[in-house]
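Numbering (my numbering), first residue to last: 24 to 436.
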């Protein structure tokens, strides 16, 4: 029965769900972003797949009640998250550690505002998800960059690593490190050894670490995700329960394709940090819960496991075929094989195009709407981020467009 269910779920990922006219940022926002409707949209990091049936049923059941008033999170919602983290990541989270927030991006801003002072140093590791930068600058904090290092950039085995020595130097003048784990856009799933080095630096410099782990459940078979806070709690020599300085951002939004519903959680073992963040949240007057995001959040964590297993098998197959096509047919493009996320990081530097020319090529000649690498800060120039969270036929059609665009460019030059 389980095998048949997984097979059917995999088949469903091939179905094209029309998103035009649904106020989709990815589809209906194409003209505002690219200046044309005539691009295949593979930019915004949501997926084109129908959500697990359990989520749809839960939303429909709630919609059938005709009053949509102010809402509070039931204890069963917290239990669903606690049970998920224990089952999937072997992390026993205490109920009092959890603070619900209106999304991970607001959480980044919230933590910076609550736990750092004006002009305090905040470390980010570019190229990285661009709201990391604005979360620092919006709060008038000092941006400290610890760029990732690309190894073997001209081979099929390219991978990114942290510059740990430089991170240690940066930490001398910082209050907070914002870690992206797994990393968006480069797709790295940090090893246990790398994360233990971060914990050692955090302890040495009394550094708070905000670990954005929104992609924690989107990890391929060649990697294993380690929750930083769990490692910290287990590593008594590095950090104690009372002085815990790791804050974890989690959400079902990326995993189960419900980011538009806007509900996430911060897991904060340190009571003083938790109080400061809750106080900041109260000052902002932000409403976290609504009748629909509550039921979707809980249904995802309660009943989404089979769907997620099928999704990861499908994404693995798509990723493998896409990379094989790029390596075989697109010699001008190097691709960084992701260990996690549904994002491909394309190295286009062999084209020798500046930022504007590279964007023009993808939009006007390849007819593709991707995220330009320059959005992700230092080290992103010459790269493009491609979202493969869509039926595989769309991904392969996009790569054929890219192949045709490159062929035209070669003829023109």
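Beta carbons: idealized from backbone N, C-alpha and C, even for Gly.
Values in this document were obtained by computation on a predicted structure and should not be read as measured data.
- In the DSSP assignment, residue 168 falls within the beta strand (DSSP E) that extends over 165-168.
- Bounds of any beta strand (DSSP E) do not take in residue 85; it lies within the alpha helix (DSSP H) bounded by 76-86.
- Here the alpha carbon of residue 202 sits roughly 19 Å from the alpha carbon of residue 396.
- Look at residue 161 here: in three-state DSSP terms it is coil, with no helix or strand label.
- Note on residue 151: 16 or more other CB atoms within 10 angstroms of its CB, so buried under the neighbour-count rule.
- Using a 10 angstroms sphere on the CB of residue 43, the tally of other CB atoms stays under 16, which defines it as exposed.
- When the alpha-carbon of residue 272 is set against those of 59, 306, 236 and 249, the nearest one is in 236.
- By the CB criterion at 8 Å, residue 205 and residue 174 fall outside the cutoff.
- By the CB criterion at 8 Å, residue 338 and residue 269 fall outside the cutoff.
- Between residue 246 and residue 78, the C-beta gap is not smaller than 8 Å, which leaves the two residues out of contact.
- Inter-residue distance for residue 308 and residue 340 is about 44 Å (C-alpha atoms, whole angstroms).
- Measuring C-alpha to C-alpha distances from residue 165 to each of 109, 394, 143 and 147 identifies 143 as the nearest.
- The stretch 215-291 is shown to contain whole alpha helix (DSSP H) runs of 4 or more residues at 215-228 and 251-257, in chain order.
- Where residue 146 is concerned, the enclosing beta strand (DSSP E) starts and stops at 144-147.
- Judged by DSSP secondary structure, residue 172 falls outside any alpha helix (DSSP H) and instead within the beta strand (DSSP E) spanning 172-174.
- For residue 198 and residue 220, the gap between their C-alpha atoms comes out near 17 Å.
- Listed in chain order, the non-local C-beta contacts of residue 348 below 6 Å within the same chain comprise 422, local neighbours out to five positions each way being set aside.
- By alpha-carbon distance to residue 134, the top candidate from 313, 366, 302 and 389 is 302.
- The beta carbon of residue 431 sits closer than 8 Å to those of 388, all from its chain and outside the five residues before and after it, given in chain order.
- A direct Cα-to-Cα measurement between residue 306 and residue 136 gives close to 11 Å.
- Straight-line spacing of the CA atoms in residue 126 and residue 311 works out to 9 Å.
- Put simply, of 346, 429 and 209 the residue whose alpha carbon is nearest the alpha carbon of residue 375 is 429.
- Distance from the CA atom of residue 73 to the CA atom of residue 280, rounded to whole angstroms, is 8 Å.
- Residue 395 carries a strand assignment under DSSP once its states are collapsed to helix, strand and coil.
- Going by DSSP, residue 136 is part of the alpha helix (DSSP H) stretching over 127-138.
- Counting along the chain, residue 73 sits inside no alpha helix (DSSP H), nor does DSSP assign it H or E at all.
- Around the Cβ of residue 363, a 10 Å sphere holds 16 or more other Cβ atoms; the residue is buried.
- If the five residues before and after residue 286 are omitted, its C-beta is found closer than 6 Å to the C-beta atoms of 316 and 320, all from its own chain and listed in chain order.
- With fewer than 16 other Cβ atoms inside 10 Å of its own Cβ, residue 113 counts as exposed.
- Contiguous beta strand (DSSP E) elements confined to the stretch 288-366 occur at 357-359, taking only those with 3 or more residues.
- With fewer than 16 other beta carbons inside 10 angstroms of its own, residue 93 counts as exposed.
- Straight-line measurement puts the Cα of residue 288 at about 4 Å from the Cα of residue 123.
- In this structure, residue 50 keeps its C-beta atom at 8 Å or more from the C-beta atom of residue 414.
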